[in-house]
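One structure below.
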Amino acid sequence: MFDFDNTYAGLPKRFACIVRPARASNPQWIHFNSGLARELGLDVPALQSHEGLQVFSGNIVPDGACMLAQAYAGHQFGHFVPQLGDGRAVLLGEIIDRNGLRRDIQLKGSGMTPFSRRGDGLAPLGAVIREYIVSEAMFALGIPTTRSLAAVTTGEKVFREQPLAGAVLARVAASHIRVGTFEYFAARNDTEALRLLVDYTLKRHYPAEEFAGNAALALLDKTIERQARLLAQWMLVGFIHGVMNTDNMAISGETIDYGPCAFIDTYDPDAVFSSIDHSGRYAYCNQPTIAKWNLSVLAESLLPLIDAETKQAREKARAMLEAFDRRYAAHWSAGMQRKLGFGNVESGDDELGRAFLKNMHQQQLDYTNTFAALESSLDGASLFAASDSLWEAQWRARVARQPSGARAARQLMRAANPRVIPRNHQLERAIQSAYRGDYSVMERLITVLAQPYQLLAENDEYSRPPCETERVRQTFCGT
Ligand code: AMP
Ligand code: MG
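Position 261, counted from 1, in the sequence shown is what this note's numbering calls 271; the numbers after and before it change by one each time, with no gaps.
Written as structure tokens, this is what we have:
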């Protein structure tokens, strides 16, 4: 069924525990991602069968599966927890996809593991659907992310505030190595494991590259770059992760662990949706700063490998971390230029972008739709109320100055400004319908979100911001 080629299982025993998924009494399909299955080089009919359903629910262990719960630690809301680990997930194994890339296939919500602590190891249907839809939407938006291969219900009840249908998500990731994986070994002063993990991670995520100098520094450098790029992409699309704990930051640079995440409708830099984020630590505008903080935790964990002299190690790590701001700013500026339709660079571009956002905030406009309206205004339609005509005049002059002209501006903007994003109220509708046994709302949403940059009249409903009664003010972990 899968041509597994497991390497994480070859690391020393203290990296993971072997587990068995819980039994699912009555597995049923929610959704199967045949497009992704083909990309992974999997046998689609075999997986869409009754046997496939048993595999994705955890009832059958496929041949060659490793069934591991990975160990990791993490800073949760700034507080260090020395042992977290896969408390509700099991790694089935690794496969090599059609592009030659190694991918993990993991079941999430498949029962207790030695890392479950006080949790039940299960996932309610709503959380699985949320992660399925948002991760696939992020992929379609061109943002690095874990993917969703399949979702099934188990027939079991999951008890939260109320009994809910239980479900399992089959998640695909470049790897599940997190900042917290390094913290786990650093906290145990297990330098040998750290060294193995650094080498493993470099080989896994940069197979074609040779690293001549210090391996830990090289990994830090690469991770900083990928996170700087990822964070700029999140900010430019209006995504709030919601739980940027260090255990939820993947070294691969993929967005991982969709819990109380949200896309902003009305632009507000201070937006927070997560019900557990009381202090707004993970507010929209704080995300780049938090990413840098998480990277400093990674650096701290790597210190013993960077230099035998702690002071020297710290100096080297600090110098590298300082590059985060510059790298993030470069990615953000380039992305904002595309969103505004600028094919070349001018010194005032950042200011123009920031002023646009400021107007948007003051007038409480919808983030996604205002960029779309800006593109439409290339045809002459006026965008803002008269008070902002000065900005608009500057922007039009700027577009006109670019060598390739307004036509190129339109193309750039079309490719950089999505028409549809997974809006919170649409997600909520899909989830509530699914709990009532109707998956059609979810199906339709998945289809629409697969082409976020297309201007399709039939998708109008999905680009509409929520009305007052639809507005979602809080999102929940749902774990
Ligand atoms: P999160 O930040 O939600 O990804 O999860 C933080 C930690 O809590 C991880 O170690 C998870 O495996 C664990 N966890 C979350 N929900 C559950 C659950 N229902 N049962 C067991 N462990 C859980
Ligand atoms: Mg997590």
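C-beta: ideal position from N, C-alpha, C; glycine also.
When you compare the stretch 372-381 with the stretch 332-339, are there three or more beta-carbon pairs, one atom per stretch, that lie closer than 8 Å? Taking 8 Å as the limit for Cβ pairs, the verdict is that the stretch 332-339 does not touch the stretch 372-381.
Can you check whether the C-beta of residue 82 is within less than 8 Å of a C-beta belonging to chain C? The structure shown has no chain C; it contains just one protein chain.
Distance, residue 354 Cα to residue 161 Cα: Here residue 161 refers to the residue found at position 151 of the sequence shown. Here residue 354 refers to the residue found at position 344 of the sequence shown. Taking the straight line joining both Cα atoms gives about 44 Å.
Which whole-angstrom value describes the C-beta separation of residue 417 and residue 356, a residue pair presumed to lie in contact below a C-beta threshold of 8 Å? Here residue 417 refers to the residue found at position 407 of the sequence shown. Here residue 356 refers to the residue found at position 346 of the sequence shown. Rounded, the Cβ-Cβ distance is 19 Å, inconsistent with contact.
For residue 103, which residues does DSSP report across the bridge? To locate residue 103, count along the sequence shown from 1; it is residue 93. In the DSSP output, where bridge partners are listed per residue, residue 103 has 115.
Endpoints, beta strand (DSSP E) assigned at residue 83: Along the sequence shown, one-based indexing puts residue 83 at 73. Note, residue 83: premise wrong, no beta strand (DSSP E); not H, not E.
Rounded to a whole number of angstroms, what is the C-alpha to C-alpha distance between residue 302 and residue 316? Looking up residue 302 in the sequence shown gives position 292. Looking up residue 316 in the sequence shown gives position 306. Residue 302 and residue 316: Cα-Cα distance of roughly 18 Å.
Measuring from the CB of residue 258, is there a heavy atom of the ligand ZN at a distance below 7 Å? By its list of ligands, the structure shown excludes the ligand ZN, since it contains just the ligand AMP and the ligand MG.
Once DSSP output is grouped into helix, strand and coil, what is the label at residue 127? To locate residue 127, count along the sequence shown from 1; it is residue 117. Correct three-state label for residue 127: coil.
Only counting the same chain, and skipping five residues up and downstream in sequence, which positions put a Cβ closer than 6 Å to that of residue 486? Within the sequence shown, numbered from 1, the residue matching residue 486 stands at position 476. Excluding residues within five positions, the ones whose Cβ falls inside 6 Å are 270 and 285.
What number of angstroms, rounded off, separates the C-alpha of residue 348 from the C-alpha of residue 63? As a working mapping, residue 348 is identified with position 338 in the sequence shown. As a working mapping, residue 63 is identified with position 53 in the sequence shown. The straight-line gap from Cα to Cα measures roughly 43 Å.
Nearer than 7 Å: is that true of the beta carbon of residue 448 relative to any heavy atom of the ligand MG? By one-based count along the sequence shown, residue 448 stands at place 438. It does not: the Cβ of residue 448 is nowhere closer than 7 Å to a heavy atom of the ligand MG.
Would you tell me roughly how many angstroms separate the C-alpha atoms of residue 245 and residue 177, rounded to the nearest one? As a first step, residue 245 is located in the sequence shown; it is residue number 235 there, counting from the start. As a first step, residue 177 is located in the sequence shown; it is residue number 167 there, counting from the start. Going by the C-alpha atoms only, they are around 31 Å apart.
Restricting to Cα atoms, I'd like to know which of 82, 107, 449 and 86 is closest to residue 97. Counting from 1 along the sequence shown, the entry for residue 97 is found at position 87. Proximity to residue 97 across 82, 107, 449 and 86 peaks at 82, based on C-alpha coordinates.
Given a cut-off of 8 Å on the beta-carbon distance, is the pair residue 385 and residue 424 in contact? For the purposes of this step, residue 385 is taken as the residue at position 375 of the sequence shown. For the purposes of this step, residue 424 is taken as the residue at position 414 of the sequence shown. For residue 385 and residue 424, yes; Cβs fall inside 8 Å.
What are the complete beta strand (DSSP E) segments, minimum 3 residues, inside the stretch 124-164? Those beta strand (DSSP E) runs which fall completely within the stretch 124-164 and span 3+ residues do not exist here.
Mind checking whether residue 59 and residue 34 have CB atoms under 8 Å apart? For the purposes of this step, residue 59 is identified with residue 49 of the sequence shown, where counting begins at 1. For the purposes of this step, residue 34 is identified with residue 24 of the sequence shown, where counting begins at 1. Cβ distance not < 8 Å, so residue 59 and residue 34 don't count as in contact.
Report the start-end ranges of each alpha helix (DSSP H) in the stretch 324-404 that is 4 residues or longer and not cut off at the edges. Listed in chain order, the complete alpha helix (DSSP H) runs (minimum 4 residues) inside the stretch 324-404 are 359-372 and 377-386.
For residue 445, count neighbouring Cβ atoms within 10 angstroms of its own Cβ and tell me buried if that reaches 16, exposed if not. For the purposes of this step, residue 445 is taken as the residue at position 435 of the sequence shown. Answer is exposed; the Cβ neighbour count stays below 16.
Does the ligand AMP have even one heavy atom less than 7 Å from the beta-carbon of residue 140? As a first step, residue 140 must be located in the sequence shown, where it is residue number 130. No, since every heavy atom of the ligand AMP falls outside the 7 Å radius drawn around the Cβ of residue 140.
Checking 8 Å against the spacing of the C-beta atoms, do residue 243 and residue 345 come in under that value? Counted from its first residue, the sequence shown places residue 243 at position 233. Counted from its first residue, the sequence shown places residue 345 at position 335. Residue 345 sits close to residue 243, with the two beta carbons spaced by under 8 Å.
With 16 other CB atoms within 10 Å as the buried threshold, where does residue 216 fall? One-based indexing of the sequence shown puts residue 216 at position 206. Result: exposed.
Below 8 Å between beta carbons: does that hold for residue 265 and residue 154? Residue 265 sits at position 255 when you count from the first residue of the sequence shown. Residue 154 sits at position 144 when you count from the first residue of the sequence shown. In contact: residue 265 and residue 154 (Cβ atoms closer than 8 Å).
Could you check which residue in 167, 401 and 99 has the C-alpha nearest to that of residue 125? What you label residue 125 is simply residue 115 of the sequence shown in a count that begins at 1. The shortest C-alpha to C-alpha distance from residue 125 to any of 167, 401 and 99 is the one to 99.
Are the stretch 195-213 and the stretch 273-290 in contact at 8 Å, needing three or more beta carbon pairs? No, the stretch 195-213 does not touch the stretch 273-290.
Can you have a look at residue 289 and say buried or exposed, based on whether 16 or more other CB atoms are within 10 angstroms of its CB? Within the sequence shown, residue 289 is the residue found at index 279, counting from 1. Residue 289 comes out exposed.
Going by DSSP, name the residue or residues bridged to residue 176. Counted from its first residue, the sequence shown places residue 176 at position 166. DSSP output for residue 176 lists 134 as bridge partner(s).
Count the other CB atoms, across all protein chains shown, that sit within 10 Å of the CB of residue 366; report buried if there are 16 or more and exposed otherwise. Against the sequence shown, residue 366 aligns to sequence position 356. Burial state of residue 366 is buried, judged by a 10 Å Cβ sphere holding 16 or more other Cβ atoms.
Return yes when the C-beta of residue 125 is under 7 Å from any heavy atom of the ligand AMP, and no when it is not. One-based indexing of the sequence shown puts residue 125 at position 115. Yes, the Cβ of residue 125 comes within 7 Å of a heavy atom of the ligand AMP.
Residue burial classification, residue 321 (beta-carbon count within 10 angstroms, cutoff 16): Within the sequence shown, numbered from 1, the residue matching residue 321 stands at position 311. It is exposed - the Cβ of residue 321 has fewer than 16 other Cβ atoms within 10 Å.
Using the DSSP secondary-structure output, state which residues sit across from residue 27 in a beta bridge. The sequence position of residue 27 within the sequence shown is 17, counting from 1. 79, per the DSSP bridge assignment.
Taking the alpha carbon of residue 26 as the reference point, which residue from 239, 462 and 187 has its own alpha carbon closest? Here residue 26 refers to the residue found at position 16 when the sequence shown is read from its first residue. For residue 26, the closest of 239, 462 and 187 by C-alpha to C-alpha distance is 187.
When we look at the beta-carbon of residue 37 and count the other beta-carbons within 10 Å, is it buried (16 or more) or exposed? One-based indexing of the sequence shown puts residue 37 at position 27. Burial of residue 37 is indicated by the presence of at least 16 other C-beta atoms within 10 angstroms of its C-beta.
Report yes if the CB atom of residue 24 is closer than 8 Å to the CB atom of residue 203, and no otherwise. Counted from its first residue, the sequence shown places residue 24 at position 14. Counted from its first residue, the sequence shown places residue 203 at position 193. A Cβ-Cβ contact shorter than 8 Å links residue 24 with residue 203.
So, with DSSP's three-state summary, where would you put residue 418? Position 408 of the sequence shown, counted from the start, is the residue given in the question as residue 418. Residue 418: helix per DSSP, three-state reduction.
Is the beta carbon of residue 475 less than 8 Å from the beta carbon of residue 335? Residue mapping note: residue 475 aligns to position 465 of the sequence shown, counting from 1. Residue mapping note: residue 335 aligns to position 325 of the sequence shown, counting from 1. By the CB criterion at 8 Å, residue 475 and residue 335 fall outside the cutoff.
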